[in-house]
Amino acid sequence: MINDTLQNRRYVIAVIISAVIVLYVLRLFTIQIIESKYKEGADSNAFLKKTQFPPRGLIYDRKHTLMVYNKPAYDIALIMREIHDLDTVAFCKALSIDKSYFINRIAEIKDHHRNPGYSSYTPQLFMTQLGIEDIATIQQSMYKYPGFYIQNRTLREYAFPSAAHVLGSIGEVSQKKIDNDDYYNQGDYAGRDGIEFTYEEQLRGEKGVEILLRDAKGRIKGKYENGKEDIAPKAGLNLTLTLDAQLQILAEKLFSGKVGSVVAIEPATGEILAMVSNPSFNPSILVGRQRSENYMQLVNDPTKPLMNRATQAQYSPGSSFKPLQALVLQQMDGINESTMFACNGPESSPIKCTHHHGSPVSLLSAIEQSCNPYFWNAFRVTIEKDGYGEKNAIFRKNYSEWVDRIKSFGLGSKFTDGDIYEQSRGNIPSEKYYNRVYQSVTGWRAITIRSNSIGQGEVLVTPLQLANVMSAIANEGYYITPHLNKCDSMLKKIHQCKVDKKYFPIVYEGMSRVFEYGTARASKIEGLDMCGKTGTADNSHGKPHSIFVGFAPRVNPKIAIAVVVENAGFGSEYAAPIFSLLVEQYLQGKIKRVELEDRVTKIVTNYNVQER
Amino acid sequence: MSKNVSIRYALDWTTVFYYVVLVLMGWISIYGASYNFDQASIFDFSQRAGKQFIWILSAFAIGGILLLIDSKLYNIFAYFIYVGAILLLIVTIFVAHDIKGSRSWLMIGPISFQPAELAKMATALGLAKFMSAYNYKLKTWKDLIPLGLIIFAPFILIILQNETGTALVYVAFLLMLYREGMKGIVLLIGSFTILLFVIIIKLSIVTLQVDQGTLGMVLGMGIILLVQIGYAIFICRNQKEAIILLLGTILVGVAAYILNIWFYVNYNYVSIFTVVASCIYWIFIELFHRYKKYWFLVLFSICSVLFCFSADYLFEKVLEPHQQVRIKVLLNMEDAPLGAGYNVNQSKIAIGSGGFWGKGFLNGTQTKLKYVPEQDTDFIFCTVGEEHGFWGSTLVLFVFWLLLMRILRIAERQREAFSRIYAYCVASILFFHLMINVGMVLGIMPVIGIPLPFFSYGGSSLWGFTILLFILLRLDAARLERMR
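Chains as they are written, first to last, in the numbering used here: chain A, 1 to 612; chain B, 1001 to 1484.
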């Protein structure tokens, strides 16, 4: 009765059974050991990990005046898979949004292109940065909307409507940042520019986590292990800036109606006392829900208020370049204090003089009177001093030396060891640059690059660099990288300039005479010996830029300043009074020349500038 | 009767050992699954674990009693038991209360009981009795029709009780029939049907070039053609015809693709045309060369094409909406973690979160927080996965494997066809339950609500499986008696 051939079929059956069991074991291996998404699901299932956002560090000025602090804000987050039986109409009404906004927002959250981190298991931000008044209605009825949660956050609040460019702002993190830094999740906020960006890691603190237990309906059943596993958020560290809030506010006030910037540095420490870029805006307009709208307005403003002109705008320094030029040319043995050159005033060739003074002129008078022909001749004799040599080699070597010494004052490149994020390089044209432009090593000579002698042409500087040059001159040949964070480690970033101390006194004397007999006579402060230099930089956008650089007092300088007023006119007329008032405020604590302050404040050089 | 051979000596204690191990592991898992924070004792009879303890003790008693009954009685009374079970099923349909749409529970006093669980054992006995009859061959209609009736009667009755899942278990008897002489091709065609069904259902939503046919249909036809080629090469040893067919198929495909540049071409019709053409080709071969082997292939191809056409219809018209959704969820066609996919999704999360070592006994958060539905009945395997991790789940599967292999061994050592057929029925039923239940929990089988043998909470199923197994053990113990 037993069919013998059929007996072998038991092996087939055994193999089928075994195969299924092996398959299941492999499947178990996959979901229990290889894949992590199920564990994640389990965590968000039983636990609701509520992120506790730390308050961001506060920001003070150098006198410990509070400049930036926090105010509470609320986010509404959702976990997609927990939403059920949602009364959309009531929900939208409670949040005062319309239904189409709700639908769009949900679609956006689910869109994997726009929200690559989307998962129906994890909290996603639905609306962010709501004020207490926005959520007052919905807060009591939150239990009616399973899957939605309120998260506490903080928003920035500003004590003064100033220093927007220095402080920077906070915005939603980009996908790139999320990918590169584990700290961030979709919808988190981080510093976008300014100090908020540079010191993000210090200011942001550490997130905390509150672990809550839930049941299958998503109801909170209490804290997990009575909160034993919770991690309290750690507040961000406070930051003390080098800014002097009063000086900053004054500088901004003086700039109303004008386009340009001011940088003030304490020479001994490299600490930036004030940094203004106008047109500016109240930093609080870039906070919270109105941020994007206001941001777009700023982006579209033709006067470019978002640009930090103090560090990003590049200008020809014009005559304000002359003190530095005088130092470098002496150092290179091209001239000394007794070198004289003739000046034919406006008839001078190839560079005209814009001032009227005697001839021949000495170095001292040339600085005092801002004599262009003097500096052209001095520049020429210096780089031509050893002749041109074969293929201009000697000339080019001397020119390169000049470039090198000029650059040692911090020009032509960014400050890489500082804490300022937005910077422009400026430009000190190199030998290579001219070789390329004139297509040969012999194609250019001193006469070709004569504009360099008076700080025009290819020479470009930022106001920050210009102020730093003053700082270096005030220090007799070194500077500390200009910075905004008041801390000791910054003071170690000392840079030696390539000009010897002995060449400085005559430049000081010349710059001092600028206030006594020279171009800035009108901006003198009684009883204070100051050093300064005007600049009137021609440019292609209209009137010349009005520039003033200087430091005060002459002995033991406490403040070095660079002022640029775009398209205003003479340096002596617009920039010099601003310099003078800032020095008065900083050194004497208050302004006595109220009329001057009023007059300067009321000057309008650009009618497009809006107060924001 | 038992004569000189003591049951203690003849009993297959290995099987009993596996049985006890599984039952105890199940009991612990039920305790874990239904554990409440305020519940202390595993013997608390108001809780499920406590109740299961009573079920286990009673199951042991039943098993013991079954071992004491003379083995010949099972053979003699097989039809009576079968007919009794059928009657009970019929009665149940009319008497039972409606519990979530299911009319399968009989209430006797405080105890509720599911006759369908017993019907499996009864059907197994009936089949064993019928097929072990002298001169029985799995060939003639005379033999096949009663066989079909024996299987279909309880099947239909259980479907009428709205317990489709339990009814599907009767498919498992195919494995036993295969051992008893059914052509292997039936299993192959069965698998092929499932394959075609999955392809058509899953890929018919993928359209080719906007509306020029569906990937499902084209792929289905492609597979049929592949089977034809394979058949020609391996069964008929006719490489030449196979190559002609292959070239022809490629030619038609390329031609359709090129024509598509100028004309509107529906690839569905092109692929069906290819299959029809191939059938005509085989018929010609058959007529001219008289291989007599291709008729089957033509029949097979035509049936397959018809099946492909009707698969959508079957899916949408014959299956109920919740069944459609379960299949769609399985095939990843519907992402509804809160809806139809919720159970499976939660069970995968629970198991997946167990990791290698598990979270420890009574530490499973998913099962504790009641995320997994039916966690002590159909989804009991989740608790094992979550609390005991990969090693625990694998251990459970391993013990099941040992048990099944043991039953196969027992089956093959029987001298009587009755015992052997019954043993294969037991193995098939247990295997089917295991495959569907664990597969469902792991998300590779559609959700079919049938219990995990010996594990799931519930008296009926535990009793049902115990009776099923212990009758086998009794029959096995008798094999030594007959030797004397």
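In this text, a Cβ means the ideal position worked out from N, Cα and C, and glycines have one as well.
Note that the structure is a prediction, hence the values are computed from the model and not measured.
If distances are taken between C-alpha atoms only, which option among A:Lys533, A:Phe53, A:Gln610 and A:Ala446 comes closest to Leu364 of chain A?
Within the first sequence, the letter at position 364 stands for residue 364 of chain A. Measuring from the Cα of Leu364 of chain A, the nearest candidate turns out to be A:Lys533.
For Leu1066 of chain B, which residues of its own chain have a beta-carbon under 7 Å away from its beta-carbon, when the five flanking residues on both sides are left out?
For the purposes of this step, residue 1066 of chain B is identified with residue 66 of the second sequence, where counting begins at 1. In chain order, Ile1467, Phe1470, Ile1471 and Arg1474 place their CB closer than 7 Å to the CB of Leu1066 of chain B, counting only its own chain and leaving out the 5 sequence neighbours on each side.
Please say whether Val499 of chain A and Arg405 of chain A have beta carbons closer to each other than 8 Å?
The residue you call residue 405 of chain A lines up with position 405 of the first sequence. The residue you call residue 499 of chain A lines up with position 499 of the first sequence. The answer is yes: Cβ separation under 8 Å.
Put Asp75 of chain A into one of helix, strand or coil per three-state DSSP.
On the first sequence, residue 75 of chain A is found 75 positions in, with the first residue counted as 1. Strand.
Assuming contact is defined by CB atoms lying nearer than 8 Å, are Ala274 of chain A and Leu243 of chain A in contact in what I supplied?
Position 274 of the first sequence, counted from the start, is the residue given in the question as residue 274 of chain A. Position 243 of the first sequence, counted from the start, is the residue given in the question as residue 243 of chain A. Yes, the pair counts as a contact, with Cβ atoms nearer than the cut-off.
Outcome for Asn336 of chain A when other beta-carbon atoms lying within 10 angstroms are tallied against a minimum of 16
Taking the first sequence and counting its residues from 1, one reaches residue 336 of chain A at position 336. In summary, Asn336 of chain A is exposed, with fewer than 16 beta-carbon neighbours lying within 10 Å of its beta-carbon over all protein chains present.
At a CB-CB cut-off below 7 Å, which residues of chain A make contact with Thr1383 of chain B?
In the second sequence, the residue the question calls residue 1383 of chain B occupies position 383. Ordered by position in chain A, no residue passes the 7 Å Cβ test against Thr1383 of chain B, which lies about 13 Å from the chain.
Taking only beta-carbon positions, decide if Gln248 of chain A is within less than 8 Å of chain B.
As a first step, residue 248 of chain A must be located in the first sequence, where it is residue number 248. At a cut-off of 8 Å between beta carbons, Gln248 of chain A makes no contact with chain B.
Run the CB neighbour count on Glu597 of chain A, radius 10 Å, all protein chains shown included, and call it buried at 16 or more, exposed below.
Residue numbering aside, residue 597 of chain A sits at position 597 when the first sequence is read from its first letter. It counts as buried.
Rounding to the nearest angstrom, what Cα-Cα distance links Thr605 of chain A and Asp181 of chain A in this structure?
Locating residue 605 of chain A in the first sequence gives position 605, counting from the first residue. Locating residue 181 of chain A in the first sequence gives position 181, counting from the first residue. Their Cα atoms are separated by approximately 45 Å.
Where Val1305 of chain B falls, given that 16 or more other Cβ within 10 Å makes a residue buried:
Against the second sequence, residue 1305 of chain B aligns to sequence position 305. Its Cβ being crowded by 16 or more others within 10 Å, Val1305 of chain B is buried.
For Ile447 of chain A, the three-state DSSP class (helix, strand or coil)
Indexing the first sequence from 1 puts residue 447 of chain A at position 447. In the structure shown, Ile447 of chain A sits in coil (DSSP, three-state: anything other than H, G, I, E or B).
Quick one: measure Cβ to Cβ for Ala1427 of chain B and Arg1420 of chain B, integer angstroms, because I've assumed they're closer than 8 Å.
Here residue 1427 of chain B is taken as the residue at index 427 of the second sequence, counted from 1. Here residue 1420 of chain B is taken as the residue at index 420 of the second sequence, counted from 1. Contact flag wrong, Cβ pair sits at about 11 Å.
Listing by chain order, which chain B residues have their CB less than 9 Å from the CB of Phe102 of chain A?
As a position in the first sequence, residue 102 of chain A is number 102, starting the count at 1. For Phe102 of chain A, no chain B residue has a C-beta closer than 9 Å to its own C-beta; the minimum C-beta separation is roughly 19 Å.
For Arg124 of chain A, three-class secondary structure by DSSP:
As a working mapping, residue 124 of chain A is identified with position 124 in the first sequence. Reading off the sequence, residue 124 of chain A comes out as Gln, not Arg. Gln124 of chain A falls in the strand class under three-state DSSP.
Would Pro1146 of chain B pass as a contact of Ile1086 of chain B if the rule is Cβ separation under 8 Å?
For the purposes of this step, residue 1146 of chain B is taken as residue 146 along the second sequence, with counting starting at 1. For the purposes of this step, residue 1086 of chain B is taken as residue 86 along the second sequence, with counting starting at 1. No, the pair does not count as a contact, with Cβ atoms beyond the cut-off.
Scan the stretch 1172–1198 of chain B for residues whose Cβ lies nearer than 8 Å to a Cβ of chain A and list them as they occur along the chain.
Cβ contacts with chain A: Leu1175, Tyr1178, Arg1179, Glu1180, Gly1181 and Gly1184.
Tyr1018 of chain B to Ile79 of chain A, Cα distance in whole Å?
As a working note, residue 1018 of chain B is residue 18 in the second sequence. As a working note, residue 79 of chain A is residue 79 in the first sequence. One C-alpha to the other measures close to 45 Å.
Whole-number beta carbon distance between Tyr38 of chain A and Ile1349 of chain B, since they are thought to touch under 8 Å:
Along the second sequence, read from residue 1 onward, the residue named residue 1349 of chain B stands at position 349. Along the first sequence, read from residue 1 onward, the residue named residue 38 of chain A stands at position 38. The Cβ separation is near 5 Å, so the contact holds.
Gly1355 of chain B touches chain A at which residues, Cβ-Cβ below 8 Å?
As a position in the second sequence, residue 1355 of chain B is number 355, starting the count at 1. Neighbours of Gly1355 of chain B on chain A, chain order: Gln32, Ile33 and Lys39.
Contact defined as beta carbons within less than 8 Å: I believe Asp1376 of chain B pairs with Arg1048 of chain B. What is the distance between those atoms, to the nearest angstrom?
As a working note, residue 1376 of chain B is residue 376 in the second sequence. As a working note, residue 1048 of chain B is residue 48 in the second sequence. With a Cβ gap of about 6 Å, Asp1376 of chain B and Arg1048 of chain B count as contacting.
Quick one: what does DSSP say Glu271 of chain A is sitting in, helix, strand or coil?
By 1-based counting over the first sequence, the position of residue 271 of chain A is 271. Secondary structure of Glu271 of chain A (DSSP, three-state): strand.
Within its chain, find whatever has a CB closer than 6 Å to the CB of Tyr1281 of chain B; leave out the 5 residues flanking it on each side and keep chain order.
For the purposes of this step, residue 1281 of chain B is taken as the residue at position 281 of the second sequence. For Tyr1281 of chain B, where only same-chain residues beyond five positions count, there are no Cβ hits under 6 Å.
Run through chain A and tell me which residues come within less than 8 Å of Thr1394 of chain B, C-beta to C-beta.
On the second sequence, position 394 is the one that residue 1394 of chain B refers to. One finds Val25 and Leu28 in chain A with Cβ atoms closer than 8 Å to the Cβ of Thr1394 of chain B, taken in chain order.
What residues from chain A crowd round Leu1404 of chain B, counting only those whose CB sits closer than 7 Å?
The count along the second sequence starts at 1 and reaches residue 1404 of chain B at position 404. Those are Ile17, listed as they occur along chain A.
Name the DSSP bridge partner or partners of Met1176 of chain B?
To locate residue 1176 of chain B, count along the second sequence from 1; it is residue 176. Under DSSP, Met1176 of chain B forms no beta bridge with any residue.
Cys1303 of chain B, buried or exposed, once every other Cβ within 10 Å from all chains shown has been counted against 16:
The sequence position of residue 1303 of chain B within the second sequence is 303, counting from 1. Counting other Cβ atoms within 10 Å of its Cβ, Cys1303 of chain B stays below 16 and is therefore classed as exposed.
Could you tell me which chain A residues have their CB closer than 7 Å to the CB of Phe1431 of chain B, listed as they occur along the chain?
Numbered from its first residue, the second sequence carries residue 1431 of chain B at position 431. Chain A residues near Phe1431 of chain B: Ile17.
Length at least 3, wholly inside the stretch 441–504 of chain A: the beta strand (DSSP E) runs in chain order:
List check, beta strand (DSSP E) in window: 478–480 and 494–496.
Using CA coordinates, which residue listed in A:Pro557, A:Glu201, A:Asn185 and A:Ser169 is at the minimum distance from Arg192 of chain A?
Reading the first sequence from its first residue, position 192 is the one you call residue 192 of chain A. The closest CA to that of Arg192 of chain A, considering only A:Pro557, A:Glu201, A:Asn185 and A:Ser169, is found on A:Ser169.
Thinking C-alpha only, which one of B:Phe1356, B:Ala1256, B:Leu1225 and B:Tyr1082 is nearest Ala1122 of chain B?
Numbered from its first residue, the second sequence carries residue 1122 of chain B at position 122. Check the Cα spacing between Ala1122 of chain B and each of B:Phe1356, B:Ala1256, B:Leu1225 and B:Tyr1082: the tightest is with B:Tyr1082.
DSSP state of Arg1479 of chain B mapped onto helix, strand, coil:
Indexing the second sequence from 1 puts residue 1479 of chain B at position 479. Collapsing the DSSP output to three states places Arg1479 of chain B in a helix.
In chain B, which residues lie with their C-beta within 8 Å of the C-beta of Gln7 of chain A?
Reading the first sequence from its first residue, position 7 is the one you call residue 7 of chain A. Within 8 Å Cβ-Cβ: Glu1412.
Where does Val276 of chain A land, buried or exposed, given buried means 16+ other C-beta within 10 angstroms?
Taking the first sequence and counting its residues from 1, the one referred to as residue 276 of chain A is at position 276. Burial call: buried.
Select from A:Gly257, A:Ile449 and A:Leu464 the residue whose C-alpha is nearest the C-alpha of Phe409 of chain A.
By one-based count along the first sequence, residue 409 of chain A stands at place 409. Residue nearest to Phe409 of chain A within the set A:Gly257, A:Ile449 and A:Leu464 is A:Leu464 (criterion: CA-CA distance).
Closer than 9 Å, Cβ to any Cβ of chain A: which residues of the stretch 1442–1457 of chain B, in chain order?
Listed in sequence order: Leu1442, Gly1443 and Ile1444.
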